[in-house]
Amino acid sequence: MMARAPQDMKQNRRGSQALHQGGFVLPLVVIVGLFLMIGGMTMLARTFGALRGANRNQQSKQAQQIAETGIDVMVDRLNQKDPHRRYLLINCYDRTGSNIFSTSSSCSNTGTWSSVSNAVQFPGAICSNTSSDAATYLDVGEDNAFSSNGTTSSPVGQWRVDSYEYTGNRFYGGLGKLTVTGERRNSDGVVLATAKIVQTMDIRAKPCNEVFGTTSGAAFPGLLGINSIDLGNNDVLGAVGGNVYCLDCDDGIEQEPNSIVHGEKITGSLVMPALPSFPDDLDGITNPESVTATGTYNRINIKFAGRTGSNTTFNPVCETLPDNDGNSSITDCPPALRDGRGGPVCAVDSNNVSHCRLTNISLAGNAQITIDSSNGPVRFYIENFITLAGNTGLIHDTGGPEDFGMFGAPASTCPDATFDSWSFKGNGNSTNAFIYGPCIKLEFDGAGSGGADNTIADSCYSTKVCSGGDLHGAAWVKTYNGSNTNNAEITVPDNISAIIKDEYGISFAGTNDFVAIGVRNWESFQQ
């Protein structure tokens with residue numbers, strides 16, 4: 179028995195080792211299992227996280243898509259012709275109603291998309307058949323559904339306009355910045371993601387009823403006829419303002435082969451601005467008189483020089499025509515224009531504009547009228563006719579067309595069968611002026627040297643930047659009859675719209691509407 183002891187001891191050691199090894203493997207298996215379980219859970223969490231991230235990313239993209247839909251819908255609504263919402267493009271909008279806009283915008287000088295307070299403002303001369311009642315622009319009924327928000331069905335969501343800021347003016351255009359927020363929502367209306375888009379667009383003026391780009395832009399009428407225009411061989415020169423409008427012309431715009439029009443020839447209706455009238459507060463201190471220089475007075479210069487000082491009244495000063503040495507002297511005016519016997523025909527308002535009331539003008543021989551606007555603008559209000567013949571002239575060269583206005587009688591006083599004939603057939607007709615009268619039949623003969631081609635630079639016909647001619651400015655009249663035998667010229671300065679607007683108000687800036695075209699800048703923000 180003692181001889182087997184070593185073998186038994188060996189077996190006991192082996193059993194003890196097996197026991198120890200079994201006790202080590204179990205914890206190892208448990209630990210490895212835990213690691214595998216944790217790793218699996220981590221991978222699962224990451225998978226779910228990635229899925230949620232993908233969903234959020236997809237929802238954010240969908241929110242941006244919804245905002246883009248809002249941008250497209252609003253641009254389309256703002257560009258609509260009927261009802262005429264294009265004028266909203268030159269106004270501003272703040273959804274909060276506080277009307278707080280960037281100081282770099284023009285919103286402080288515009289209206290807003292509101293029919294109640296700080297309402298929509300218009301350029302003054304709006305397109306015909308367009309209501310200036312903002313409520314018709316902002317209707318939300320079935321027929322005129324205009325709204326600054328909307329919904330989408332695929333993907334489900336809502337969009338809204340946060341703001342619209344306009345930077346520019348009301349007769350050429352500028353830039354419009356439209357900010358729209360899009361919200362991706364679930365079927366219960368819970369917001370899942372939000373995105374905002376800010377799009378800056380070009381806002382451009384264009385003639386009414388014209389497609390942008392088919393004409394030269396904002397079309398100011400250099401020559402406008404209400405009933406008819408027969409240019410004959412007369413010219414209307416100037417690329418920007420040399421446009422001819424005829425409003426109610428059965429025969430269109432008639433023109434002989436030698437007539438040149440640099441701008442557009444447009445027919446159709448326009449809304450005309452109110453005719454300037456003699457100020458009521460000056461009516462009691464003036465009397466209208468005729469300016470007649472024939473016979474004894476047919477070699478005289480009748481000078482209307484603008485004065486200063488509110489309520490200052492005056493008659494013109496008369497001079498002899500210069501002699502061979504260029505000298506002239508003061509002489510008696512025709513009786514109706516002498517102090518103490520007639521008038522005074524002119525008075526000055528608080529803005530130092532001289533207003534003159536005249537019944538008619540009739541010049542013959544070598545007589546002429548000179549307007550001096552050095553001290554301020556001069557305006558004639560003429561009740562009846564103008565006749566200039568022989569070597570006579572009506573001259574204003576001390577200022578631009580905005581500094582001398584000639585206005586006829588209002589439409590309500592137009593004669594039934596005839597019009598007030600304004601006939602410029604003198605040899606010295608060359609003046610800077612703005613003529614406006616709904617009863618006027620205007621004629622320029624162009625026979626004399628004063629208004630002939632030698633006053634127009636040769637470059638005018640190539641550059642289309644022109645001055646001189648029989649009239650430098652613009653004429654809006656009842657009818658226009660041009661000469662078939664002589665070339666008279668109306669030259670229209672490029673800045674005619676701006677200078678007439680500044681002098682007489684925004685309604686004289688030319689009749690246009692507006693359109694949003696192109697994209698200057700586009701930004702997207704995820705929220």
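At position 73 of the sequence shown (counting the first as 1) the number is 251 in my numbering, and the numbers step up by one without a gap. Just so it is clear, CB atoms sit at the ideal spot from N, CA and C, and this is done for glycine as well. Since the model is a prediction, treat every value here as computed from it, not as a measurement.
Could you please give the first and the last residue of the uninterrupted beta strand (DSSP E) stretch that includes Ser341?
334-347
Do the CB positions of Thr464 and Gly543 come within less than 8 Å of each other?
no
Neighbour-count burial assignment, Thr470, 16 or more Cβ in a 10 Å radius:
buried
Across the segment 343-357 and the segment 662-669, are there enough close Cβ pairs to call them in contact, namely three or more that are closer than 8 Å?
no
Endpoints, alpha helix (DSSP H) assigned at Ala676:
674-682
Looking at the structure shown, is Met252 part of a helix, part of a strand, or coil, going by DSSP?
helix
For Val693, the three-state DSSP class (helix, strand or coil):
strand
Between which two residues does the beta strand (DSSP E) carrying Thr509 extend?
Here Thr509 belongs to no beta strand (DSSP E), and DSSP marks it neither H nor E.
Which two residues bound the contiguous alpha helix (DSSP H) that contains Asp461?
458-461
Cutoff 8 Å; reference Asp321; Cβ partners in own chain excluding five residues on either side
Model confidence at Asp321 stands at a pLDDT of 46, short of 50, so the residue's coordinates are unreliable and nothing is read from them.
Distance check for Phe492 and Phe622, CA to CA, integer angstroms please.
30 Å
In the DSSP assignment, what residue or residues form a beta bridge with Tyr423?
Leu402, Ile444
Three-state secondary structure (DSSP) of Ala727:
Outside the shown range of the chain, which is 179 to 705, sits residue 727, and nothing can be said about it.
Verify whether the separation of the beta carbon atoms of Thr357 and Asp340 is less than 8 Å.
yes
Can you tell me whether Gln705 is buried or exposed, with buried defined as 16 or more other CB within 10 angstroms of its CB?
exposed
Starting from the C-beta of Asn699, find all residues in its chain whose C-beta is less than 7 Å away, skip the five residues before and the five after it, and write them out in chain order.
Thr378
Is it buried or exposed, Arg519, if we count other Cβ atoms within 10 angstroms and call 16 or more buried?
exposed
Element boundaries [alpha helix (DSSP H), containing Ser365]:
Run containing Ser365: none; DSSP gives neither H nor E here.
Is the CB-CB distance between Leu415 and Glu667 below 8 Å?
yes
Using DSSP bridges, identify the partner residues of Gln704.
Ala373
Extent of the continuous beta strand (DSSP E) run through Leu638:
According to the sequence displayed, residue 638 carries Cys and not Leu. Careful: Cys638 lies outside any beta strand (DSSP E), inside the alpha helix (DSSP H) at 638-641.
Could you pull out every residue in the same chain whose Cβ sits closer than 7 Å to the Cβ of Leu370, ignoring the five residues on either side in sequence?
Gln237, Arg362, Arg363, Asn364
Can at least three beta-carbon pairs, one atom from the segment 495-506 and one from the segment 429-442, be found at a separation below 8 Å?
no
If you draw a straight line from the C-alpha of Asn529 to the C-alpha of Asp458, how long is it?
15 Å
Per DSSP, which residues does Gly604 bridge with? Please list them.
Answer by DSSP bridge pairing: none, since Gly604 is not bridged.
Determine the direct distance from the alpha carbon of Leu649 to that of Pro500, and round the result to whole angstroms.
24 Å
By Cβ distance below 6 Å, which residues in the same chain neighbour Leu409 in space, the five residues on each side in sequence not counted?
Gln433, Ser437, Gly660
Shortest alpha-carbon distance to Ser148 belongs to which of Asn476, Gly367, Arg255?
The requested residue 148 is not part of the displayed model; the chain covers only 179 to 705.
Whole-angstrom distance between Asp517 and Glu497, CA atom to CA atom:
15 Å
Test item: CB-CB of Val418 and Val439 under 8 Å:
no
Look at Asn553 and Gly651 and say whether their C-beta atoms are less than 8 Å apart.
no
So what does DSSP say about Asp527, is it helix, strand or coil?
coil
Taking buried to mean at least 16 other C-beta atoms within 10 Å of its own C-beta, is Ala545 buried or exposed?
buried
Compare the beta carbon distance of Thr537 and Ser455 with 8 Å and say whether it is the shorter of the two.
no
Give the DSSP-derived three-state secondary structure of Ala483 in the structure shown.
strand
Euclidean distance between Cα positions of Pro616 and Ile404:
7 Å
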